[in-house]
Each structure stands twice: as structure tokens, then as C-alpha cells.
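Whatever position you read off the sequence shown (first residue = 1), add 31 for the numbering used here.
Note that the Cβ used here is the ideal one computed from N, Cα and C, for glycine as well.
The structure presented is a predicted model; accordingly, all values stated were derived computationally and were not measured.
Input: a single structure, listed below in C-alpha cells.
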Amino acid sequence: MDLTQAECVIKNIIREIAQECADRGHSISDTLVAFMVKAVVLDPRYEFNVDRRLTKTDVHKLITVCVDRLLEADRPSLDTIKMQIYFDLNYTSRAEFLAEHRCVLESRLAPVRREITDCRARAREELECLYRKVVSYVLLHSGLGSPTDISVVREATAALQSVFPQTELGTFLALTKKDKERQLNELSMIVTGIRLFNKNCKKGGEGIDDLPAILNEALPATKQNVESELQATQQLVYHYTAIIERLEKSRQQCYEIDGLHDKLKEALFNVRQHEVFLCIIMTEMVTCAKQVEMLQEQLNKRMEELHAVVKSKAAVPTAQVYPHFICLSNLWSSFQDEMVLLSVFSNLITNLDPYLGAHSRLFPAGVIGPLLEGVDVKTDEERLSEVSEEKIIPSDFKNREWIFPEGAHLYHQLSTQFRGFCAYTLSARHGLLLRGNPNIGILKYQEKYYTFSSKEAATAFAQKPDYYIAKAAEEAKQSPELIQLLELHQQFSSIAPYAQPEKCLRPIAKCDSCTQTDTHILEPNIVRSYEWNEWELRRKAIKLANLRQKVTRYMQTTLSYMRRDNTSQVYLPKDKTVQTKRDNSSNVPKPQVFYAGLRGGNVTEPTRVIKFNLTRAVDET
């Protein structure tokens with residue numbers, strides 16, 4: 032069966048198992064189903080052979096077994112696998128958390144930014160609308176207040192007008208799209224810095240939460256919550272470990288019949304995994320606390336520098352204050368990142384609790400109490416202190432390399448196998464998880480490092496390391512939750528991380544490769560003057576024949592001698608106006624003349640015309 036057919040078969044099996052579980056009223060994720068399929072195939076108790084093709088009977092058996100194990104009630108092993116899947120799918124590094132958060136913010140801001148950069152406003156109303164959108168973008172980008180709060184919008188508008196008045200919109204619209212986006216981000220940071228500075232000066236800060244104070248209050252509370260849960264989980268670890276050791280010594284038949292030992296072992300794996308996850312979250316909380324403390328110092332220092340620059344001046348050069356405002360914005364953005372991380376880690380802690388229900392129902396206080404009677408419960412620290420004086424003598428072992436913490440230059444960078452648990456007790460005592468003590472000696476075998484809980488365990492393991500490593504692998508096959516708990520992915524390459532469920536049962540070796548060939552192996556020899564068209568050749572021949580009878584003449588005149596382009600510069604005309612001292616006016620009489628006798632009289636009499644001057648005097652007007 033080729034790779035494509037194998038993947039199709041596995042996908043069909045996963046789909047049928049998920050459908051069968053859904054028919055029984057349980058919704059199971061494909062990731063959990065895929066891991067269970069691989070775990071069942073690897074388990075030697077079910078006698079599946081991955082080297083041969085699965086028959087219909089094998090497929091039916093595989094589906095039945097997987098469905099039964101997935102729907103088994105009160106099984107700590109299944110809860111541990113679910114816990115591992117949830118944590119692996121929801122936890123990542125700080126940088127990846129923040130990168131994903133920023134991508135979400137950018138996707139939400141993209142429509143607003145696109146409306147601004149694609150705007151072609153011309154009218155006054157359109158420009159005012161564009162300016163309001165810029166204010167909304169600044170508020171959304173900074174996260175300081177709601178764009179629907181009038182007081183917040185007014186404060187942001189006032190801050191924006193001080194650095195980007197509305198009259199500058201024409202210049203902004205003439206920029207390219209990338210320049211517009213760059214300027215929008217820069218304006219957002221400057222306005223954010225201005226508002227933070229005003230809040231520090233008690234002159235503004237509407238809608239701005241005091242993030243440093245909130246973090247200084249929330250971090251210790253969350254850390255204390257994690258510590259209390261960690262202590263409770265570790266107490267369960269110590270109880271289960273003590274009971275398992277008692278059962279191993281007494282070997283009571285009733286425990287073997289009831290399967291109490293196996294259930295206790297699964298419960299121990301469950302609480303150990305919870306302990307590991309809580310320790311990871313605790314480490315992240317410590318990092319957050321250190322980061323917040325460092326950011327607080329930088330914020331106070333930057334505020335002092337900005338106060339020294341501004342003081343009581345009415346105007347300060349932008350080159351001096353803008354870098355401070357941008358730095359304030361970046362620091363505040365880091366505070367917001369820490370708030371996001373704190374929320375993520377708090378949700379992780381809360382969502383891990385449902386995966387501890389199976390062992391708490393199987394072993395309530397009424398069941399654990401009688402089993403602990405007469406048992407000396409030891410913590411991990413007490414066990415390590417009991418063997419602190421024991422130490423391996425390297426000369427007693429041939430061809431074995433031992434490393435001790437006091438002699439190793441990079442001891443803290445060593446990655447021990449089985450997550451630091453004793454390699455001997457894991458295999459020889461059927462999955463018992465005891466912390467290894469590095470002071471006894473760290474065995475380096477095949478470029479891997481192993482720690483042990485006692486000198487006797489180290490001695491026994493060093494004599495037959497391959498045997499015990501193989502037994503540990505067999506133990507992990509029967510308890511698949513150990514693969515994630517003890518970080519055995521290299522030994523079980525077919526068990527991929529939970530984030531990659533669509534892998535084949537067999538390890539598949541793949542690589543990316545590429546080849547390149549030369550386009551022209553030989554040197555190009557192209558004759559540019561070559562012409563295949565006969566008529567083109569005839570045309571060129573006639574042209575050459577005509578040129579033989581032509582003569583080229585030229586002459587030079589005085590005006591064309593040393594001709595060059597000249598330019599001159601003039602001052603452009605400008606409009607001037609003259610203002611007189613005062614405006615005045617005068618009024619003159621209008622001439623009026625009347626002629627009498629123009630119609631004439633009798634025929635015999637001559638016409639007499641009399642002229643009357645009716646114009647009034649100047650002083651009468």
C-alpha cells in the first residue's frame with residue numbers, strides 16, 4: 032500500500048470511530064481519535080502488526096477497541112490524554128501568543144484602515160468624516176478607551192489635532208497607501224503617548240485603565256492560585272506514590288484482582304502531568320512578573336525624562352518630544368501584552384481542572400484514607416535529601432560516562448531523558464515515577480542523559496541500559512499518556528505532537544529537493560544581421576545601391592555655431608494693494624437747459640428760440 036492509500040485508510044478509520052462515538056452521544060475530536068488509533072496499534076496487547084496491511088477484520092477490531100477506550104468512564108488515562116491534547120493545542124511560547132494576538136488585532140483594524148487609505152474625499156463634509164475615522168482608528172489601535180465614549184473621543188481628537196490638524200488631510204490624501212498606513216500607525220503612537228503623559232500630569236486620561244497597578248495586583252493573586260493548586264496536586268502525587276510502593280511490597284491479591292494497582296498508576300500519571308503543566312505555567316507567571324517590573328521602571332524613567340523636556344514650556348520642538356511619546360506607546364503596548372498573557376494563563380489553569388475528575392471520583396478521601404494508614408508519605412524533596420550523600424564512583428563502571436553537577440560547566444542546559452524522572456524505576460517498577468537526583472550522577476549514554484532516584488538504581492541501569500530503555504518503551508506502549516508526559520516522541524516517531532493529527536502510523540521520511548538546468552549550455556551565437564526574408568534582402572540591396580549615388584553635404588552658420596539652450600529666471604508678478612487714509616465723495620449739479628419756441632410760429636414770422644439755463648447753483652444742491 033502506498034502512502035496516499037494508507038493516509039486514506041487512516042482517515043476513514045478516524046472518521047468511522049468519530050461517527051460511532053457521536054452515535055453513542057459523545058462528541059470526540061479528530062485529534063483525540065487519531066492519537067488513540069496510533070496508541071492502540073502500538074499497544075502489544077492488541078497484537079496489531081504495523082508492518083503488514085490491515086485486513087477488514089483488523090480494521091473492525093481497531094475501530095471497536097478505540098471506541099471502547101474512548102467511551103470508557105472514569106478512566107484517568109483517558110483524562111490525561113485529553114489534558115495533554117488540550118494543553119498542546121492551546122499553549123505555545125510567549126512570542127507566538129503575542130504574534131497571534133497582534134494578527135487578530137490587525138485583522139480587526141484592517142477594514143477601518145482600508146476605509147481611510149482608500150478614501151478620496153474632496154468636499155468639506157467628506158474631509159470631516161475622514162478625520163473622525165482617523166480618530167476612531169487611533170482609539171482602536173491604542174486600545175485606550177471606547178470610540179463610542181464622547182469624553183474619550185474628545186480627548187483623542189484634541190491630542191490628534193495638536194500633531195495632525197484637519198488642514199493636513201490634503202497632504203495625507205496625496206500619499207501612497209503604504210505611506211498612509213505608516214503615518215496612521217505613527218500618529219496613533221504619538222497620540223497614545225500624549226494621552227498617557229496627560230494622564231500622568233492629571234490633565235486627562237479618560238478611559239485609560241491603570242495597567243501597571245492592575246498587573247501588580249493580579250499577578251500575585253494568580254501566582255498564589257497556581258501555587259495552591261500545585262501544592263494540592265503534589266500532595267496527591269505523594270499519596271499515590273506511597274500507596275503504590277505499599278502495594279508493591281505487600282503484593283496483596285485483592286488489589287491485583289480489583290486492578291487497584293493499574294488505576295492508581297493511571298491516577299499517578301494524571302496528577303504528575305497536571306503537576307508538569309502547572310510548573311510550566313508557574314514559570315511563565317514568574318517571567319510575566321519580571322517583565323512587568325522591568326516595564327514599570329522603564330515607564331517611570333521615560334515619564335521623568337519627558338517631564339524634564341516639557342516642564343512648563345508653551346511649545347516644545349517635535350523632534351524632542353515625539354520619540355518620548357512613541358516610546359511611551361510601545362511601553363504601554365507591552366503592558367497590554369502582559370495582560371493578554373495573564374488572561375491566557377489564567378484560562379489554561381481553569382480549563383485543566385475538568386481533566387482531574389476521574390481520579391477524584393475513583394479515589395475520594397474515604398478511599399485514600401484507609402490505604403494511607405501506616406504509610407510514610409514522602410515528598411520529592413524528602414526523597415532527594417535521603418540520597419543526597421550517595422554518589423556514583425565512575426571508576427567502577429567501564430565504558431560509561433558520568434556527569435556531576437559540580438563538574439559540568441553547562442549542567443543547567445542538559446536535557447535529561449524522561450523529563451528528569453528516574454529511568455530505572457520507570458522500567459523496573461512498572462511505570463513508577465520518582466524524581467531523579469542529579470547529585471548521584473548523570474549517565475551519558477548514546478548522547479542522552481539519564482538521572483536516577485538512588486545509587487542502586489543508577490548501578491542497575493548502567494549495567495544494562497538498552498534493556499531498561501526498551502522496557503520503558505514497552506511501558507509507554509501500554510500507557511500512551513507516558514509518551515507526552517516523559518517526552519518520548521523521538522522513540523515513538525509515529526506518535527506526532529497533538530497539533531499534527533493527520534500523520535501515518537509509520538514514520539515517513541520526506542525532504543524538499545529541487546533541480547536546475549541551464550537554459551543555454553553552449554555560448555549563444557546569434558547573428559543579428561541575419562535575414563531570412565528574400566524581399567527584405569532585395570530592399571536593403573536597392574537602398575545600398577541608391578546610397579552609392581548620393582552625397583551628403585552640410586554647412587554651418589553663425590547662428591548655429593556653438594548653439595546651446597539658455598534659461599532665465601524672473602520673479603513672478605505679485606498682487607499689491609494700496610489703502611488710502613479715508614474714503615470721500617463729491618456731488619456736482621446736473622446741467623439742465625430748456626429751449627422755448629422750437630415749434631415755430633406763423634409762416635410769415637421768423638422762428639425765435641429762447642434758451643433758458645435751469646442748472647441750479649452749487650451751493651443750492
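Check: Pro431 in three-state terms, based on DSSP; Outcome: Checking the displayed sequence, the identity of residue 431 turns out to be Arg instead of Pro. If DSSP states are grouped into helix, strand and coil, Arg431 belongs with coil.
Check: Coil, strand or helix - Ala189 by DSSP; Outcome: helix
Check: Span of the alpha helix (DSSP H), counted from its first residue to its last, around Ala273; Outcome: Leu242 to Ser281
Check: Residues that DSSP places opposite Asn644 in a beta bridge; Outcome: Val624
Check: Alpha-carbon to alpha-carbon, His270 and Lys502; Outcome: 25 Å
Check: Exposure of Tyr657, with buried meaning 16 or more beta-carbon neighbours within 10 Å; Outcome: Since the first residue of the chain shown is 32 and the last is 652, residue 657 is not available in this structure.
Check: Distance, Ser281 Cα to Glu315 Cα; Outcome: 42 Å
Check: Beta bridge counterpart(s) of Tyr481 as assigned by DSSP; Outcome: Leu474
Check: Asp497, enclosing alpha helix (DSSP H) - first and last residue; Outcome: Pro496 to Gln509
Check: Through-space distance from Lys254 to Arg215, alpha-carbon basis; Outcome: Rather than Arg, the amino acid found at residue 215 in this sequence is Leu. Going by the C-alpha atoms only, they are around 38 Å apart.
Check: Whole-angstrom distance between Gly174 and Ile147, CA atom to CA atom; Outcome: 18 Å
Check: Beta-carbon proximity check, Thr223 vs Leu359, cutoff 9 Å; Outcome: yes
Check: Close Cβ partners of Leu519 (< 6 Å) along its chain, the five nearest in sequence each way excluded; Outcome: Ala507
Check: Contact between the segment 126-140 and the segment 200-213 (3+ Cβ pairs under 8 Å); Outcome: no
Check: Residue environment, Pro196, which counts as buried when at least 16 other CB atoms sit within 10 Å; Outcome: exposed
Check: Through-space distance from Ser177 to Leu170, alpha-carbon basis; Outcome: 7 Å
Check: Straight-line gap, Thr410 to Ser416 (C-alpha atoms, nearest Å); Outcome: 10 Å
Check: Euclidean distance between Cα positions of Glu554 and Lys42; Outcome: 54 Å
Check: Proximity to Met220 [Cα-Cα], best of Asp240, Val165 and Asp54; Outcome: Val165
Check: Simplified DSSP state of Cys79, which is helix, strand or coil; Outcome: Checking the sequence shown, residue 79 turns out to be Phe, not Cys. Phe79 falls in the coil class under three-state DSSP.
Check: Check whether Leu101 and Val64 have beta carbons under 9 Å apart; Outcome: yes
Check: Status (buried if at least 16 other CB within 10 Å, exposed otherwise) for His653; Outcome: Because the chain is modelled from 32 through 652, residue 653 falls outside the range shown and cannot be assessed.
Check: Reference Asp650, options Lys642, Lys621 and Tyr481, closest by Cα; Outcome: Lys621
Check: Residue environment, Met114, which counts as buried when at least 16 other CB atoms sit within 10 Å; Outcome: buried
Check: DSSP state of Arg466 mapped onto helix, strand, coil; Outcome: strand
Check: Assigned secondary structure, Phe195 (DSSP; H/G/I helix, E/B strand, else coil); Outcome: coil
Check: Other residues of its chain near Cys39: CB distance less than 7 Å, five sequence neighbours each side excluded; Outcome: none
Check: Residues bridged to Thr447 (per DSSP); Outcome: Tyr480
Check: Residue nearest to Arg414 in terms of C-alpha spacing, selected from Leu465, Pro395, Asp74 and Phe394; Outcome: Leu465
Check: Residue environment, Thr456, which counts as buried when at least 16 other CB atoms sit within 10 Å; Outcome: buried
Check: Own chain, CB closer than 6 Å to Arg392, minus 5 neighbours either side, in chain order; Outcome: Asp105
Check: Nearest candidate by alpha-carbon position, reference Tyr162, set Cys134, Phe228, Glu131 and Val194; Outcome: Val194
Check: Runs of alpha helix (DSSP H) lying entirely within the segment 134-182, each at least 4 residues, in chain order; Outcome: 155-173
Check: Pairwise C-alpha distance: Thr318 and Glu412; Outcome: 24 Å
Check: Where the alpha helix (DSSP H) containing Glu417 begins and where it ends; Outcome: Asp411 to Glu417
Check: The segment 46-62 touching the segment 84-99, judged by at least three CB pairs closer than 8 Å; Outcome: yes
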